[in-house]
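J.: Using the working numbering, the first residue of the sequence shown is number 467, and each one after it goes up by one.
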Amino acid sequence: MLEVLNQAFNGRGARERVRHGADGSAVAEPGPHLPAFVRGDRAADHGGTARKLIALRTEQRKGTGVHIMFRRTMSRIAGVGALALVVTACGAGGSDSGGSSGATGKNSGTKTSKAAEATALPVESTVRKATWTDRSTAHQLKLAPERLARGTAADLEHVQLDDDMKGMVPYYLTVAYTNTGSAPLTQPAPEANFTVTLADGTPGRAISLWNTNPLATASSSALPDDCDKAGPASVAAGDTAKVCRLVLLPKGHKPATVAYADDSGTLLWKVGDGKGDDDAGRLLAEGTTADSVYENISTKSGAVPIRVTPKSVRTGSLDDLSGYELSAAQKNLVPWYVTFEYRNAGKEKLLPTMDDGVGLRSAGGRDIQPLALLDLSFSDTAEGEGIDQCRGSVPHTRLEPDSTLSLCTIHLLPKGDRPAMVSFQGEGESEGKAVKSLMWRAS
Numbered sequence: 467m468l469e470v471l472n473q474a475f476n477g478r479g480a481r482e483r484v485r486h487g488a489d490g491s492a493v494a495e496p497g498p499h500l501p502a503f504v505r506g507d508r509a510a511d512h513g514g515t516a517r518k519l520i521a522l523r524t525e526q527r528k529g530t531g532v533h534i535m536f537r538r539t540m541s542r543i544a545g546v547g548a549l550a551l552v553v554t555a556c557g558a559g560g561s562d563s564g565g566s567s568g569a570t571g572k573n574s575g576t577k578t579s580k581a582a583e584a585t586a587l588p589v590e591s592t593v594r595k596a597t598w599t600d601r602s603t604a605h606q607l608k609l610a611p612e613r614l615a616r617g618t619a620a621d622l623e624h625v626q627l628d629d630d631m632k633g634m635v636p637y638y639l640t641v642a643y644t645n646t647g648s649a650p651l652t653q654p655a656p657e658a659n660f661t662v663t664l665a666d667g668t669p670g671r672a673i674s675l676w677n678t679n680p681l682a683t684a685s686s687s688a689l690p691d692d693c694d695k696a697g698p699a700s701v702a703a704g705d706t707a708k709v710c711r712l713v714l715l716p717k718g719h720k721p722a723t724v725a726y727a728d729d730s731g732t733l734l735w736k737v738g739d740g741k742g743d744d745d746a747g748r749l750l751a752e753g754t755t756a757d758s759v760y761e762n763i764s765t766k767s768g769a770v771p772i773r774v775t776p777k778s779v780r781t782g783s784l785d786d787l788s789g790y791e792l793s794a795a796q797k798n799l800v801p802w803y804v805t806f807e808y809r810n811a812g813k814e815k816l817l818p819t820m821d822d823g824v825g826l827r828s829a830g831g832r833d834i835q836p837l838a839l840l841d842l843s844f845s846d847t848a849e850g851e852g853i854d855q856c857r858g859s860v861p862h863t864r865l866e867p868d869s870t871l872s873l874c875t876i877h878l879l880p881k882g883d884r885p886a887m888v889s890f891q892g893e894g895e896s897e898g899k900a901v902k903s904l905m906w907r908a909s
C-alpha cells in the first residue's frame, strides 16, 4: 500500500525507507524525492537555499479527484548582508555608524588615510520607479546605480572579515534614490536591497562596517566612494540621496548585473555587456550537451550514464495555472518553463525522474527550485506531470538505452527578474567520484 501511495503522489516509485517503531509498527521515513509536504515543511531542496513551492488545486479534473499545490516561502536574494569590524587602535581615526567624522585639522591629533583608487566599471544607470518596504509600509522611490567600482583585497586590510570572505574582491556600488512620496523617509536604507551578481546569478556578499573604537574621529580605513559612511538619517519628500553599498565577489570573476529587489518585484541593470564570465569554463553556453549520471532507482544496477541538453527557457503566464488556487504572493510571481532533453547513454533502462535534479538561479540572485504539482486524482495518465505548457515525468515509463526524453519544470520568479543559469544535479558516482552539478547560461 505504501508503494502504491508513493506512485500516486509522484509517479516515481517508492523512495521511502521503512523502519519499525517501538511497538513493531512500520514507520515511513520520507526519501529525498517525495513531495515536500510529505517530507515536512522544512525539507530543504538543492543547496538548502530555496524551498519548493507547492499550491492547491481545487478544480476537479475529469471527475477523478483533486490536484494539490501547497505554497512554500521562497527565499529572498541569497546575498545576505554581514557586519564587519573596522579594527583601529585606541585614539586612532575612524568613522561612526552615522557617517559623521570628527576634526581633522593639524591640532586634532588624528590622521585621515587617503581613500584607495578603485577601477570604475561601465554600468547601466537608467532611473526607474521602485518601492522600498519598511515595516510593511511601501515607500515610492525613483532609483538607479550611479557608479560601480572594483577595489582590491588590500582595501579591507583593516577590516575584520570572516574566513570565508577573506581574499574576496570589494566592489563599491553607489546608488541614488529620490523620495517621490509625500512624507519624509526616516532612517531609509533602500541601498540594502541592492546587490551585484555574477553571470550564473551568484549574489555578492554585502557587508556593513562597524568601527571597534568608539573614540575614533577620523577614518583609518577610508574606502573609495565613501563606502565606509552610512546613508542619511532622513530624506525629505522630493529630495535625492546617494549612498554606497560595499559588496564582495569571488576573486577572478566579472560582475554581470546590479539588482534591486523589494516586495513589488525586481529591477535589473547590466554591468558592461551583462555577460560576466564563464567561471573558467564551468558555466556552459546555452544548448551545450554535457555528460552526467543518474541513479537507477528502479533496479540495483547503479548509476546510468546520461547526456543532458538544455532545450529551452521560456516565460509562461499565470493563466497557465488557472486551475490551481494561488496565494496573493504567488499571484505576483511569473512562471518560467525549463526544458531539458536526456539521452540514456547506458545499457540499462532508466526510471526518468531527472527533472528532480533541475535548478535555476535568477539574475537577481535567487535560487528557485521546481514547482511541485501533485496529482491526487489517482488517475492513470500518459500525459506526464505538470500542465499542458510544461510536462514532467510520465508515471510507469522507462527511458530505453540510446533513447531521448524531454522533461519540463516550472519555476516561479518575481516580476522583473529573469533566469540567469539553469543547472542539473546528477545522482550517483562517476568513476568513483560524486557527480558534479552542471550549469548553463539561461540565455
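Beta carbons: idealized from backbone N, C-alpha and C, even for Gly.
Indicate the three-state DSSP secondary structure (helix, strand or coil) for Q796 in the structure shown.
T.: For the purposes of this step, residue 796 is taken as residue 330 along the sequence shown, with counting starting at 1. Helix at Q796.
J.: Return the CA-CA distance between P636 and L664, expressed in angstroms with no decimal places.
T.: As a position in the sequence shown, residue 636 is number 170, starting the count at 1. As a position in the sequence shown, residue 664 is number 198, starting the count at 1. Those two C-alpha atoms are separated by around 14 Å.
J.: Leaving out five residues before and five after L651 in sequence, what residues of the same chain have Cβ atoms less than 7 Å from its Cβ?
T.: By one-based count along the sequence shown, residue 651 stands at place 185. Around L651: H605, N645, S700, V701.
J.: If you pair each beta-carbon of the stretch 655 to 669 with each one of the stretch 616 to 629, do three or more pairs fall below 8 Å?
T.: Touching, no.
J.: Within 10 Å of its beta-carbon, does A649 have 16 or more other beta-carbons around it, so buried, or fewer, so exposed?
T.: Within the sequence shown, the letter at position 183 stands for residue 649. Per the 10 Å Cβ criterion, exposed.
J.: To which residues of the same chain is A811 closer than 7 Å at the C-beta, ignoring the five residues directly before and after it?
T.: Here the question's residue 811 lines up with position 345 in the sequence shown. Excluding positions up to five away in sequence, the list reads P771, I772, R773.
J.: Have a look at R601 and P880 and give me their C-alpha separation to the nearest angstrom.
T.: Along the sequence shown, read from residue 1 onward, the residue named residue 601 stands at position 135. Along the sequence shown, read from residue 1 onward, the residue named residue 880 stands at position 414. Distance between the alpha carbons of R601 and P880: 20 Å.
J.: Thinking C-alpha only, which one of W906, N798, E866 is nearest T732?
T.: By one-based count along the sequence shown, residue 732 stands at place 266. When only C-alpha atoms are compared, the closest one is N798.
J.: Span of the beta strand (DSSP E) holding A430?
T.: Any answer about residue 430 is impossible in this case: the structure gives the chain only from 467 up to 909.
J.: How is E657 classed by DSSP in three states: helix, strand or coil?
T.: On the sequence shown, residue 657 is found 191 positions in, with the first residue counted as 1. Looking at E657 - three-state DSSP - the assignment turns out to be helix.
J.: Which runs of the alpha helix (DSSP H) spanning at least 4 residues fall entirely within the stretch 734 to 791, listed in chain order?
T.: Fully enclosed alpha helix (DSSP H) runs of 4 or longer: not present.
J.: Kindly indicate which three-state DSSP category L622 falls into: helix, strand or coil?
T.: Residue 622 sits at position 156 when you count from the first residue of the sequence shown. Looking at L622 - three-state DSSP - the assignment turns out to be helix.
J.: Between L712 and T819, what straight-line distance do the alpha-carbon atoms span, to the nearest angstrom?
T.: As a working mapping, residue 712 is identified with position 246 in the sequence shown. As a working mapping, residue 819 is identified with position 353 in the sequence shown. Cα to Cα, the separation comes out at about 42 Å.
J.: In the DSSP output, what is C874 paired with across the bridge?
T.: Here residue 874 refers to the residue found at position 408 of the sequence shown. In DSSP, C874 forms a bridge with T805.
J.: State the start and end residues of the unbroken beta strand (DSSP E) segment that holds S828.
T.: The residue given as residue 828 occupies position 362 in the sequence shown. Where S828 is concerned, the enclosing beta strand (DSSP E) stretches over 824 to 828.
J.: W802: which of L787, P654, M905, V589 sits nearest, CA to CA?
T.: Numbered from its first residue, the sequence shown carries residue 802 at position 336. It is L787 whose Cα lies nearest to the Cα of W802.
J.: Judging by CA-CA distance, which residue of D854, S793, M634, S859 is the nearest neighbour of G823?
T.: Against the sequence shown, residue 823 aligns to sequence position 357. Nearest of D854, S793, M634, S859 to G823, Cα basis: S859.
J.: Beta-carbon separation of A727 and D868 under 9 Å?
T.: Numbered from its first residue, the sequence shown carries residue 727 at position 261. Numbered from its first residue, the sequence shown carries residue 868 at position 402. Result no, Cβ atoms of A727 and D868 do not sit closer than 9 Å.
J.: Assess contact between the stretch 893 to 906 and the stretch 734 to 752, defined as three or more Cβ pairs (one per stretch) separated by less than 8 Å. Is contact present?
T.: Counting Cβ pairs under 8 Å, three or more are found: they touch.
J.: Here's the rule I'm using: 16 or more other beta-carbon atoms within 10 Å means buried, otherwise exposed. How should R594 be labelled?
T.: Translated into positions along the sequence shown, residue 594 becomes position 128. Exposed: under 16 other Cβ atoms inside 10 Å.
J.: Does DSSP put D666 in a helix, in a strand, or in coil?
T.: The residue you call residue 666 lines up with position 200 of the sequence shown. The answer is coil: DSSP assigns D666 none of H, G, I, E or B.
J.: Is the beta carbon of G892 sitting closer than 9 Å to the one on G667?
T.: The residue labelled residue 892 in the question sits at position 426 within the sequence shown. The residue labelled residue 667 in the question sits at position 201 within the sequence shown. No, the Cβ-Cβ distance between G892 and G667 is not below 9 Å.
J.: Report the rounded CA-to-CA distance for E590 versus E612, giving the unit in angstroms.
T.: Within the sequence shown, numbered from 1, the residue matching residue 590 stands at position 124. Within the sequence shown, numbered from 1, the residue matching residue 612 stands at position 146. Straight-line Cα distance between these residues: approximately 8 Å.
J.: Between which two residues does the beta strand (DSSP E) holding K595 run?
T.: Working through the sequence shown from its first residue, we reach residue 595 at position 129. 594 to 600 is the extent of the beta strand (DSSP E) around K595.
J.: Taking its Cβ as the centre, do 16 or more other Cβ atoms sit within 10 Å of D691, making it buried, or is it exposed?
T.: The residue you call residue 691 lines up with position 225 of the sequence shown. Buried is the call here.
J.: Which value, in whole angstroms, describes the spacing of the CA atoms of V901 and K695?
T.: Counting from one through the sequence shown, the residue named residue 901 turns up at place 435. Counting from one through the sequence shown, the residue named residue 695 turns up at place 229. Distance between the alpha carbons of V901 and K695 is about 45 Å.
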